[in-house]
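Numbering (my numbering), first residue to last: 46 to 470. Down below is the structure, laid out as C-alpha cells.
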RNA sequence: GCGAGCGUAGCCAAGAGGCCUAAGGCGCCUGUCUGUGGCACAGGAGAUCACGGGUUCGAAUCCCGUCGCUCGCCCCA
C-alpha cells in the first residue's frame with residue numbers, strides 16, 4: 046500500500062472547513078489593508094534561497110528539497126515565501142508601481158525536517174509582504190495585519206512578541222558584546238550553546254535549557270544596543286503600536302532563524318503552546334532586495350502556518366462554519382423516475398442550486414437514509430405517482446413535512462430563491 | 001542528524017504463550033419497514049494481528065532486525 050510521504054498529509058473533505066475559514070478571514074483582512082494576491086512557483090532556482098535565507102541557516106544547510114532537473118539546473122522546492130515574492134518584485138519591475146507594494150500569498154512550503162506535532166515537510170503558509178517603504182508605521186501596520194487576522198479567527202490566549210535585532214550598522218557590535226557576556230559563563234553552557242557561541246551567538250538567547258535561559262535574563266539586550274537610526278525606528282514603532290492599542294510584549298530573547306531580518310522582528314505564540322508554538326512569525330528585511338541584486342529597497346512581512354492555525358483553532362474549540370452543502374438530494378423509484386430525477390437534478394444545478402442525484406439503487410428508504418447521513422436539508426422524491434401527475438414530492442428532512450408540488454412551479458421557485466441570480470446572494 | 005514511545009479491520013480498541021478459524025464499540029451494507037430517514041432490533045461485509053527472521057510442540061502475545069507512525073531535541077509556520 047502506498048502512503049503519503051513522511052511529513053506530508055492529506056487534507057480530507059471533513060478538514061476543509063478549517064482551511065476555508067482561515068482563507069476567507071485572511072483574504073478579508075489582507076484585502077481590507079489593501080494587499081493584492083500573488084502566486085509564485087512552487088520551485089525556484091536554488092541560489093535564490095541560498096542567497097536570501099542565508100548559507101549558515103538550518104533551512105539552507107539541511108532542510109531544502111534541492112535537486113537537479115533534467116536540464117542540469119539546481120532547483121529547490123520553496124522553503125519559505127518571502128524570497129520568491131522579492132524575486133517577483135524585481136523581475137516584474139514593481140519598483141515602478143506606486144510604493145509601497147503590498148502583496149499576500151497562500152502557498153505550500155517544503156522543508157526536509159523530522160515531522161512532529163505541528164511540523165511537516167510540506168505545510169501551507171499565508172503571508173504578506175510590503176516592499177518599498179522603510180517607515181516604522183509600515184512595521185506597525187504589518188504587525189496589525191497579523192494581529193487582526195489572529196483575533197478575527199477567534200484565537201484567544203495568544204501573545205504578540207516583538208523585538209529589534211538592529212541592522213548591519215549596529216548588529217556586529219552587539220553580537221560581539223553578547224559573545225563576550227556568554228564567554229564568561231562558558232563552562233555553564235549546554236553543549237548546543239557552546240557551538241552557538243561560535244556560530245550564531247544570537248541564538249544563545251532563546252535556548253530552552255533552563256540554566257541557559259536564566260543566563261539570558263542578564264544578557265545584553267539588542268534593543269539597548271541599536272545605532273541611532275535603528276533606535277529611532279524602534280521607539281517610533283513602539284509609539285505607533287501603543288497608539289494602535291496592540292497588546293504587544295517586548296521579548297529581548299526573540300531572534301529569528303533567517304539571516305535576512307533587520308530591525309523589527311515579531312511572533313505570535315499561543316500561551317500554552319508546545320514546542321512548535323509559533324503560529325505567526327515575521328520581520329523587516331531591508332537588505333534582502335539588495336542581496337538579490339536589486340536597488341536598495343526596504344521590506345517587511347510575516348507568514349503564518351495554516352496547519353498550526355488549524356491546530357490552535359481546534360485546541361481552543363473555535364466554532365468554524367461548515368462548508369456549503371447541496372440543498373437537495375433527488376431520490377427516485379423506478380426507471381422512468383430515474384430519468385426524470387436526472388433531468389431535475391441537472392436543471393437545478395445549471396440554475397445554480399446544489400443537488401445530488403441518487404442512483405436510486407437502494408430503494409427509497411436507503412435514499413432517505415443517505416440524505417439524512419449527508420445532512421441534506423430537503424429530499425426530492427420522484428416515483429410513478431409524481432411522474433404521472435407532473436409533480437415532485439418535496440420532503441423537509443428536519444421536520445419530516447412533505448408536500449407534492451407541480452414540477453415546473455417548484456423549479457421556478459427554487460431557482461428564484463436559491464439559484465445563481467437569487468437576490469439573497 | 002540525535003533521543004523516547006507505539007504499530008491488532010476505514011476509525012477506536014480487548015487480548016500479555018495454547019480457550020484466537022482474534023472480543024467489543026463507531027462507521028459501512030442489508031433486513032424487520034416490498035414508496036419514506038434519524039430510534040430500536042436482527043444479520044452481513046471488512047484483519048496476510050506492520051514486515052522479515054528467531055525461540056517454542058505451539059507466537060498477535062517472547063527475542064532480534066527492518067519499515068512505518070507518534071512525541072521530544074535542533075530549527076521553524
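For glycine and all other residues, C-beta sits at the position ideal for the given N, C-alpha and C. It should be emphasised that the depicted structure is a prediction, and the values quoted were computed from it without experimental measurement.
Own chain residues within Cβ distance below 6 Å of residue i, not counting five before or after
i, result
"residue 377", "383, 386, 405, 427"
"residue 394", "400"
"residue 459", "398"
"residue 470", "Confidence at residue 470 is low in this model, with a pLDDT of 41, below 50, so its placement is unreliable and the value that follows should be read with caution. None."
"residue 169", "153, 351"
"residue 449", "436, 438"
"residue 139", "146"
Own chain residues within Cβ distance below 7 Å of residue i, not counting five before or after
i, result
"residue 165", "52, 53, 54, 352"
"residue 181", "278, 281, 282, 285"
"residue 133", "83, 85"
"residue 402", "375, 386, 387, 390"
"residue 183", "145, 175, 345"
Helix, strand or coil at residue i [DSSP, three-state]
i, result
"residue 264", "coil"
"residue 449", "strand"
"residue 60", "helix"
"residue 231", "helix"
"residue 421", "coil"
"residue 470", "Confidence is the limiting factor: at residue 470 the pLDDT is only 41, short of 50, which leaves the residue's position unreliable, though a coordinate-based value still follows. Reduced to three states, the DSSP call for residue 470 is coil."
"residue 197", "helix"
"residue 246", "helix"
"residue 415", "helix"
"residue 169", "strand"
"residue 444", "coil"
"residue 404", "coil"
"residue 89", "strand"
"residue 151", "strand"
"residue 285", "helix"
"residue 300", "coil"
"residue 293", "strand"
Member of the options whose CA lies at the smallest distance from the CA of residue i
i, options, result
"residue 72", "195, 168, 132", "195"
"residue 290", "391, 465, 185, 68", "185"
"residue 454", "438, 50, 445", "438"
"residue 360", "254, 199, 251", "199"
"residue 331", "325, 346, 317", "346"
"residue 59", "93, 292, 419", "419"
"residue 396", "444, 336, 465, 374", "465"
"residue 309", "228, 340, 274, 354", "274"
"residue 365", "57, 50, 64", "64"
"residue 143", "79, 160, 462", "79"
"residue 495", "81, 447, 381", "This structure leaves residue 495 out entirely; the chain is present only between 46 and 470."
Same chain only: Cβ atoms within 8 Å of residue i, ignoring 5 sequence neighbours per side
i, result
"residue 61", "368"
"residue 218", "270"
"residue 66", "198, 358, 365, 366"
"residue 88", "120, 121, 122, 123"
"residue 443", "422"
Residue i: CB within 7 Å of a non-hydrogen atom of the ligand MN
i, result
"residue 133", "The ligand MN is not part of the structure shown, which contains no ligands of any sort."
Q. At what residue ranges does the segment 303-386 contain a whole run of the beta strand (DSSP E), taking only runs of 3 or more?
A. 307-315, 325-329, 344-350, 373-377
(Q) Pairs of beta-carbons, one from the segment 100-110 and one from the segment 232-240, closer than 8 Å: are there three or more? (A) Here the segment 100-110 makes no contact with the segment 232-240; the two share fewer than three CB pairs at distances below 8 Å.
Q) What are the start and end residues of each continuous alpha helix (DSSP H) run of 4 or more residues lying completely inside the segment 107-137, in chain order? A) 127-136
Q. Do the segment 85-101 and the segment 216-231 make contact, defined as three or more Cβ pairs closer than 8 Å?
A. no
Q: Check whether the segment 118-126 touches the segment 320-329, taking contact to mean three or more Cβ pairs, one atom from each stretch, closer than 8 Å.
A: no
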